[in-house]
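Inspection log for the structure reproduced underneath, given as structure tokens.
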Amino acid sequence: MVAAYIDEFIMFCAGLWMTVVGLGYLPLPGNAANQPPWVTTLAGHFKWMGPLLLAIAIALAFAS
-12 MVAAYIDEFI MFCAGLWMTV VGLGYLPLPG NAANQPPWVT TLAGHFKWMG PLLLAIAIAL
48 AFAS
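The numbering of the sequence shown is the working numbering, which starts it at -12 and goes up by one.
Set out below in structure tokens:
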């Protein structure tokens, strides 16, 4: 039971971080000049993956 709450909390925090990075409020960690181009493409997908992860975490919290 407690493990499910911990899992949902971690999913919520990861979704929140992905949303903030995807919308450009926080930069990606590391040196931006040394990152390969796929990293910026992946960060662009965070715009929709972050809110989806938040919705899944909230749905699992209400289901349990």
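All residues carry an ideal CB built from backbone N, CA and C; glycine is no exception.
Between TYR(-8) and LEU39, what straight-line distance do the alpha-carbon atoms span, to the nearest angstrom? So the alpha carbons of these two residues sit roughly 18 Å apart.
Ends of the alpha helix (DSSP H) at TYR116? Residue 116 lies beyond the range of the chain shown here (-12 to 51); nothing can be said about it.
Selected residue, minimal CA-CA separation from PHE(-1), among TYR12, LEU13, ILE43: The shortest CA-to-CA distance from PHE(-1) to any of TYR12, LEU13, ILE43 is the one to ILE43.
Would you mind stating whether GLY9 and LYS34 have Cβ atoms separated by less than 7 Å? In this structure, LYS34 lies closer than 7 Å to GLY9 by Cβ.
Using 10 angstroms around the beta-carbon of MET(-12), count the other beta-carbons present and answer buried if the total reaches 16, otherwise exposed. The Cβ neighbour count for MET(-12), taken over all protein chains shown within 10 Å, is under 16; the residue is labelled exposed.
Check each candidate in ILE45, MET5, ALA(-10) and name the one with the smallest Cα separation from VAL26. Between VAL26 and the set ILE45, MET5, ALA(-10), the nearest pair of CA atoms involves MET5.
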